[in-house]
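Heads up: the protein sequence lines correspond to chains A and B, in order. For what it's worth, the UniProt record's numbering labels the leading residue of the first sequence as 1, then goes sequentially. For what it's worth, the UniProt record's numbering labels the leading residue of the second sequence as 1, then goes sequentially. Even for Gly, the Cβ is constructed at its ideal location relative to N, Cα and C. Remarks on the structure that follows.
There are 2 protein chains.
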Amino acid sequence: MTSASDLASLAALLADETRAAMCLALLDGRAWTAGELAAHAGVAPSTATEHLHRLIKGGLLVERRQGRHRYLRLAGGSAAQLIEDLSAHTEPRPTPARGLRAATASAALRRGRTCYDHLAGRLGVAVTDAMTAAGLLDQSGGFAITASGVDWLTGTLGLSPSDLRPGRRPLARGCLDWTERRQHLAGLAGAKVCETFLGNGWIARIGSGRAVRPTSDGKAALRDLLGIRDID
Amino acid sequence: MTSASDLASLAALLADETRAAMCLALLDGRAWTAGELAAHAGVAPSTATEHLHRLIKGGLLVERRQGRHRYLRLAGGSAAQLIEDLSAHTEPRPTPARGLRAATASAALRRGRTCYDHLAGRLGVAVTDAMTAAGLLDQSGGFAITASGVDWLTGTLGLSPSDLRPGRRPLARGCLDWTERRQHLAGLAGAKVCETFLGNGWIARIGSGRAVRPTSDGKAALRDLLGIRDID
DNA sequence: GCGTCGTTTCGGCCAGTACCGAACCATCGC
DNA sequence: GCGATGGTTCGGTACTGGCCGAAACGACGC
Numbered sequence: 001m002t003s004a005s006d007l008a009s010l011a012a013l014l015a016d017e018t019r020a021a022m023c024l025a026l027l028d029g030r031a032w033t034a035g036e037l038a039a040h041a042g043v044a045p046s047t048a049t050e051h052l053h054r055l056i057k058g059g060l061l062v063e064r065r066q067g068r069h070r071y072l073r074l075a076g077g078s079a080a081q082l083i084e085d086l087s088a089h090t091e092p093r094p095t096p097a098r099g100l101r102a103a104t105a106s107a108a109l110r111r112g113r114t115c116y117d118h119l120a121g122r123l124g125v126a127v128t129d130a131m132t133a134a135g136l137l138d139q140s141g142g143f144a145i146t147a148s149g150v151d152w153l154t155g156t157l158g159l160s161p162s163d164l165r166p167g168r169r170p171l172a173r174g175c176l177d178w179t180e181r182r183q184h185l186a187g188l189a190g191a192k193v194c195e196t197f198l199g200n201g202w203i204a205r206i207g208s209g210r211a212v213r214p215t216s217d218g219k220a221a222l223r224d225l226l227g228i229r230d231i232d
Numbered sequence: 001m002t003s004a005s006d007l008a009s010l011a012a013l014l015a016d017e018t019r020a021a022m023c024l025a026l027l028d029g030r031a032w033t034a035g036e037l038a039a040h041a042g043v044a045p046s047t048a049t050e051h052l053h054r055l056i057k058g059g060l061l062v063e064r065r066q067g068r069h070r071y072l073r074l075a076g077g078s079a080a081q082l083i084e085d086l087s088a089h090t091e092p093r094p095t096p097a098r099g100l101r102a103a104t105a106s107a108a109l110r111r112g113r114t115c116y117d118h119l120a121g122r123l124g125v126a127v128t129d130a131m132t133a134a135g136l137l138d139q140s141g142g143f144a145i146t147a148s149g150v151d152w153l154t155g156t157l158g159l160s161p162s163d164l165r166p167g168r169r170p171l172a173r174g175c176l177d178w179t180e181r182r183q184h185l186a187g188l189a190g191a192k193v194c195e196t197f198l199g200n201g202w203i204a205r206i207g208s209g210r211a212v213r214p215t216s217d218g219k220a221a222l223r224d225l226l227g228i229r230d231i232d
């Protein structure tokens with residue numbers, strides 16, 4: 001019985017359009033200032049303050065104060081996953097027919113995007129599949145980076161071994177992709193791969209949102225390093 | 001921008017304690033009458049009517065009118081999954097340490113339960129693992145029933161081949177189990193397995209909720225058919 | 001037919017909350 | 001020091017929406 005109230009109060013956090021807009025904006029994994037979120041959601045700063053308090057109190061967001069700014073970000077991967085899950089359910093249920101899906105989620109988002117801090121969409125799934133095919137990733141029971149996967153991450157991608165030390169966060173985990181209905185690589189390794197791709201200029205954000213596209217350098221790298229050819 | 005309002009209106013469906021209680025009750029996969037749901041949630045029948053209208057309009061529930069009764073059930077597996085996902089996030093984040101989890105979800109629910117229409121909890125995971133080990137289920141890329149799995153379902157379990165004809169619904173799919181953090185068998189096959197177990201008296205519901213336990217017949221069957229010994 | 005019972009509609013009450021503007025506070029740049 | 005700017009607090013307003021009881025509706029059993 002008490003769990004009904006827990007469920008309700010969690011859902012209530014996202015049940016307001018202003019708060020929902022803020023959370024969706026934060027899905028890009030970056031930290032936003034309170035003012036930016038207020039402007040994005042189209043409300044007065046004072047109103048935004050109240051909403052942000054609620055979201056923090058509810059455990060969905062964390063804050064970091066710095067000078068006169070207050071930076072907000074999602075509390076963690078599970079908060080991001082929750083919002084992704086929920087927003088995925090707003091897509092029309094019935095037919096995942098190829099042609100129809102173009103109308104539901106933007107084509108760019110389906111092609112590639114960041115999901116909190118790792119890659120998702122067709123691009124994310126392609127990278128995950130290629131890593132699995134190359135023996136870098138083992139999906140036979142859960143998600144696990146193989147020994148050669150670690151070599152690849154530190155050698156080919158140039159990560160330092162300390163980047164891959166799992167703390168509270170698992171090195172690799174699967175994240176269900178709702179546009180592709182497939183799992184893709186998340187966890188520490190997923191974040192580092194995404195970070196490296198962005199840092200190397202292999203992928204670039206489209207506008208200010210979550211959608212990303214491979215650059216021409218990136219296409220070459222994807223082909224050479226992972227054998228991914230047919231990415232658009 | 002408009003997707004923020006979609007997200008908000010979906011979340012709003014579960015943002016009320018009364019509606020949340022109704023949805024949690026319906027997670028047992030059965031159809032409840034409007035009156036039963038009203039009593040369960042502790043509100044007047046008239047109040048329940050309004051809530052049920054909203055839930056139906058929102059696509060979470062479907063109704064079937066029969067005589068002077070109105071039967072309500074969850075709209076489908078994805079609706080059930082949504083509610084399970086969300087309620088899983090109300091569990092304390094930090095440590096999935098063995099000892100502590102006893103306090104969070106009821107022990108009986110963790111041991112075994114129905115998740116919409118298939119088995120979940122340690123029991124569901126055990127069955128899934130045993131089927132995989134026996135070569136009946138292939139988890140190497142998604143969830144798939146093998147040829148010998150089909151034989152086992154029709155032969156050993158006594159299902160008719162027509163029971164296993166996938167329509168809109170996939171024969172097998174994975175469903176993420178939040179108490180066990182593991183996938184278990186869902187989809188058409190998962191539902192039929194659960195139905196058969198219940199029908200054969202191998203498992204019994206504990207009280208009126210979702211928790212189930214294996215009967216002594218069931219323990220024998222699990223041991224003989226799947227080699228599962230250490231189920232409590 | 002007629003009462004009974006499950007459900008729905010309607011009217012009205014009340015609490016919670018989303019919103020804003022104005023005043024206030026703190027930090028930055030100068 | 002001083003203004004400018006980001007953020008918060010506070011008061012007040014308006015609206016949504018959850019709740020009930022009474023009355024109406026419709027199917028059932030007799």
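Sequence-distant residues of its chain with Cβ nearer than 8 Å to residue i (five each side left out)
{"i": "Asp224 (chain A)", "result": "none"}
{"i": "residue 275 (chain A)", "result": "Here chain A comprises residues numbered 1 to 232, so residue 275 (chain A) is not present and cannot be evaluated."}
{"i": "Pro45 (chain A)", "result": "Ala34, Gly35, Ala38"}
{"i": "Thr111 (chain B)", "result": "At residue 111 (chain B) the sequence reads Arg, which differs from the Thr that was named. Gly121, Arg122, Leu123, Ala211, Arg213, Asp232, listed in sequence order."}
{"i": "Ala108 (chain A)", "result": "Ile206, Ala211, Arg213"}
Close-in-space but distant-in-sequence residues of the same chain around residue i (CB under 7 Å, 5 per side omitted)
{"i": "Ala126 (chain B)", "result": "Ile228, Ile231"}
{"i": "Ser148 (chain B)", "result": "Gly135, Leu136"}
{"i": "Ala204 (chain A)", "result": "Val212, Arg213, Thr215"}
{"i": "Ala48 (chain A)", "result": "Ala34, Leu37, Ala38, Ala41"}
{"i": "Arg113 (chain A)", "result": "Ala120, Gly121, Arg210, Ala211, Val212"}
{"i": "Gln139 (chain A)", "result": "Thr132"}
{"i": "Arg65 (chain B)", "result": "none"}
{"i": "His69 (chain B)", "result": "Thr33"}
{"i": "Pro161 (chain B)", "result": "Thr154"}
{"i": "Val150 (chain B)", "result": "Leu164"}
Helix, strand or coil at residue i [DSSP, three-state]
{"i": "Glu195 (chain A)", "result": "helix"}
{"i": "Ala103 (chain A)", "result": "Low local confidence applies: a pLDDT of 38 at Ala103 (chain A) is under 50, so the model's placement there is unreliable, with the coordinate-based value given in what follows. Residue state, collapsed to three classes: helix."}
{"i": "Gln81 (chain A)", "result": "helix"}
{"i": "Ile145 (chain A)", "result": "strand"}
{"i": "Leu159 (chain B)", "result": "coil"}
{"i": "Asp6 (chain B)", "result": "helix"}
{"i": "Ala211 (chain A)", "result": "strand"}
{"i": "Val62 (chain A)", "result": "strand"}
{"i": "Leu171 (chain B)", "result": "coil"}
{"i": "Leu136 (chain B)", "result": "coil"}
{"i": "Trp202 (chain A)", "result": "coil"}
{"i": "Thr90 (chain B)", "result": "coil"}
Proximity to residue i [Cα-Cα], best of the options
{"i": "Tyr116 (chain B)", "options": "B:His89, B:Arg30, B:Gly67, B:Leu60", "result": "B:Arg30"}
{"i": "Ser5 (chain A)", "options": "B:Leu14, B:Ala8, B:Leu10", "result": "B:Leu14"}
{"i": "Ala41 (chain B)", "options": "B:Ala25, B:Glu50, B:Thr128", "result": "B:Ala25"}
{"i": "Trp32 (chain B)", "options": "B:Gly190, B:Leu61, B:Ala134, B:Tyr71", "result": "B:Tyr71"}
{"i": "Gly77 (chain B)", "options": "B:Lys219, B:Ile206, B:Leu123, B:Arg173", "result": "B:Arg173"}
{"i": "Leu226 (chain B)", "options": "B:Trp152, B:Arg64, B:Gly199, B:Arg54", "result": "B:Trp152"}
{"i": "Arg73 (chain A)", "options": "A:Asp16, A:Val62, A:Gln66", "result": "A:Val62"}
{"i": "Gly218 (chain A)", "options": "A:Thr90, A:His53, A:Leu60, A:Leu157", "result": "A:Leu157"}
{"i": "Ala211 (chain A)", "options": "A:Ala220, A:Leu198, A:Leu222", "result": "A:Leu198"}
{"i": "Asp163 (chain B)", "options": "B:Gly112, B:Glu195, B:Ala220", "result": "B:Glu195"}
{"i": "Ala79 (chain A)", "options": "B:His118, B:Leu109, B:Ala88", "result": "B:Ala88"}
{"i": "Leu188 (chain A)", "options": "A:Asn200, A:Gly201, A:Phe143", "result": "A:Phe143"}
{"i": "Leu60 (chain A)", "options": "A:Glu50, A:Ala75, A:Leu52", "result": "A:Ala75"}
{"i": "Leu171 (chain A)", "options": "A:Ile145, A:Gly67, A:Gly155", "result": "A:Ile145"}
{"i": "Leu222 (chain B)", "options": "B:Asp129, B:Ala186, B:Arg165", "result": "B:Asp129"}
{"i": "Leu27 (chain A)", "options": "A:Gly201, A:His118, A:Val150", "result": "A:His118"}
{"i": "Ser3 (chain B)", "options": "A:Asp16, A:Ser3, A:Leu7", "result": "A:Asp16"}
{"i": "Trp202 (chain A)", "options": "A:Arg165, A:Ala220, A:His51", "result": "A:Ala220"}
Cβ neighbours of residue i in the same chain (closer than 6 Å, five flanking residues each side left out)
{"i": "Ala12 (chain B)", "result": "none"}
{"i": "Leu159 (chain A)", "result": "Leu153, Lys192"}
{"i": "Gly124 (chain A)", "result": "His184"}
{"i": "Val43 (chain A)", "result": "Thr18"}
{"i": "Ala186 (chain B)", "result": "His118, Arg173, Cys175"}
- Message: Beta carbons nearer than 8 Å to chain A: which residues of the stretch 42-63 of chain B have them?
- Response: Those residues of the stretch 42-63 of chain B that come within reach of chain A (Cβ to Cβ, closer than 8 Å) are Gly59.
- Is the stretch 78-90 of chain A close to the stretch 19-28 of chain A, with three or more CB pairs under 8 Å? yes
- Item | Residues of the stretch 11-41 of chain B whose Cβ lies closer than 7 Å to any Cβ of chain A, in chain order | Listed by position, the residues of the stretch 11-41 of chain B near chain A (Cβ gap below 7 Å) are Ala11, Ala12, Leu14, Ala15, Asp16, Glu17, Ala20, Ala21, Leu24.
- Task: Give, in chain order, every residue of the stretch 64-90 of chain A whose Cβ lies closer than 7 Å to some Cβ of chain B.
- Result: Ser78, Leu82, Asp85, Leu86, Ser87, His89, Thr90
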